[in-house]
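Taking it in order: structure first as structure tokens, then the write-up.
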Amino acid sequence: MFIQTEETPNPLTLKYSPGRIVMEQGTLTITSTEGAWRSPLAEALFHVAGVSEVFFGQDFISVTKTLEQDWDLLKPQVLGSIMEYFMENDTVIVRQDKNDETQEEEESSEIIKEIKELIEARIRPAVAQDGGDITFEHFTDGIVYLKMHGACSGCPSSSVTLKNGVENMLRHYVPEVQEVKAL
Numbered sequence: 000m001f002i003q004t005e006e007t008p009n010p011l012t013l014k015y016s017p018g019r020i021v022m023e024q025g026t027l028t029i030t031s032t033e034g035a036w037r038s039p040l041a042e043a044l045f046h047v048a049g050v051s052e053v054f055f056g057q058d059f060i061s062v063t064k065t066l067e068q069d070w071d072l073l074k075p076q077v078l079g080s081i082m083e084y085f086m087e088n089d090t091v092i093v094r095q096d097k098n099d100e101t102q103e104e105e106e107s108s109e110i111i112k113e114i115k116e117l118i119e120a121r122i123r124p125a126v127a128q129d130g131g132d133i134t135f136e137h138f139t140d141g142i143v144y145l146k147m148h149g150a151c152s153g154c155p156s157s158s159v160t161l162k163n164g165v166e167n168m169l170r171h172y173v174p175e176v177q178e179v180k181a182l
């Protein structure tokens with residue numbers, strides 16, 4: 000099995016592409032050992048000392064390290080954990096909490112539908128190339144609130160991407176949008 004490893008704009012995050020589907024639906028961010036119970040792969044990755052966040056995209060995994068750790072030591076351990084997992088499993092297994100409530104968000108307006116469509120069609124694919132994801136949280140008083148995941152979370156260039164890329168595009172296509180903010 001060959002797993003491609005790529006640097007991302009965030010020096011603390013590497014993107015691992017196993018050449019197969021990682022998540023059949025959606026994405027998943029895990030930011031602590033306590034949250035790793037949701038996925039056996041996340042549990043294995045958090046056993047590697049220095050891993051601070053794991054993000055599962057459709058066909059990649061972004062792993063973020065702590066400042067103290069060196070990628071030269073961490074990278075082979077992470078790679079080994081991912082390879083071992085995919086030798087036995089086809090995709091990432093996500094365990095659901097019995098208390099999780101799945102609620103369908105009601106579309107409150109055409110503006111929100113437009114914003115979400117632009118994010119899905121144009122923004123998320125571009126962000127995924129860098130090992131991250133961006134999701135819509137809400138729209139209030141002309142401000143679109145987005146959440147950055149994976150390599151984009153904490154990336155030094157994410158604020159530039161948000162303002163120069165995402166905000167400009169949304170303002171161009173949806174005149175009601177005045178500003179974009181990250182949560």
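Per numbering that gives the first Met the number 0: the sequence shown ends with 182, consecutive numbering throughout. All C-beta atoms, glycine included, are put in the ideal place defined by N, C-alpha and C.
N-terminal and C-terminal residue of the beta strand (DSSP E) that residue i is part of
{"i": "Lys14", "result": "Thr12 to Ser16"}
{"i": "Ser61", "result": "Ile60 to Lys64"}
{"i": "His137", "result": "Gly131 to Thr139"}
{"i": "Glu5", "result": "Gln3 to Glu6"}
For residue i: DSSP bridge partner residues
{"i": "Ala181", "result": "Leu145"}
{"i": "Ile29", "result": "Val53"}
Beta-carbon spacing of residue i, residue j below 8 Å
{"i": "Tyr84", "j": "Ala150", "result": "no"}
{"i": "Val47", "j": "Thr12", "result": "no"}
{"i": "Val176", "j": "Val126", "result": "no"}
{"i": "Val173", "j": "Leu145", "result": "no"}
{"i": "Met168", "j": "Arg121", "result": "yes"}
{"i": "Glu33", "j": "Gly49", "result": "no"}
{"i": "Glu5", "j": "Gly130", "result": "yes"}
{"i": "Ser51", "j": "Thr28", "result": "no"}
The ligand PLP heavy atom lying under 7 Å from the CB of residue i
{"i": "Val173", "result": "This structure lacks the ligand PLP, and indeed carries no ligand of any kind."}
Integer Cβ distance of residue i from residue j, believed to fall under 8 Å
{"i": "Asp132", "j": "Thr26", "result": "5 Å"}
{"i": "Phe135", "j": "Lys115", "result": "5 Å"}
{"i": "Gln57", "j": "Ile20", "result": "7 Å"}
For residue i, the nearest candidate out of the options (CA to CA)
{"i": "Lys74", "options": "Thr139, Gln95, Tyr15 and Glu52", "result": "Tyr15"}
{"i": "Ile92", "options": "Ile2, Gly34 and Met22", "result": "Met22"}
{"i": "Gln24", "options": "Thr7, Phe59, His171 and Ala41", "result": "Phe59"}
{"i": "Thr3", "options": "Phe138, Gln128, Leu72 and Asn163", "result": "It is worth fixing the name first, because residue 3 is Gln in this sequence and not Thr. Of Phe138, Gln128, Leu72 and Asn163, the residue nearest in Cα terms is Gln128."}
{"i": "Pro8", "options": "Gln95, Thr90 and Ser152", "result": "Ser152"}
{"i": "Gly18", "options": "Lys64, Met86 and Trp36", "result": "Met86"}
{"i": "Phe138", "options": "Pro155, Val159 and Glu166", "result": "Glu166"}
{"i": "Phe1", "options": "Ala35, Met82 and Leu40", "result": "Met82"}
{"i": "Arg170", "options": "Leu117, Val159, Leu182 and Ser157", "result": "Leu117"}
{"i": "Met147", "options": "Ile20, Ala35, Gln76 and Leu182", "result": "Leu182"}
{"i": "Ala35", "options": "Ser158, Val159 and Arg94", "result": "Arg94"}
{"i": "Leu40", "options": "Ile20, Ile110 and Asn88", "result": "Asn88"}
{"i": "Asp71", "options": "Phe55, Glu119, Thr90 and Pro10", "result": "Pro10"}
Boundaries of the alpha helix (DSSP H) in which residue i is found, first to last residue
{"i": "Leu73", "result": "Trp70 to Glu87"}
{"i": "Glu109", "result": "Glu109 to Leu117"}
{"i": "Arg123", "result": "Arg123 to Ala127"}
{"i": "Ala150", "result": "Here Ala150 belongs to no alpha helix (DSSP H), and DSSP marks it neither H nor E."}
{"i": "Glu42", "result": "Pro39 to Phe45"}
{"i": "Asn167", "result": "Asn167 to Tyr172"}
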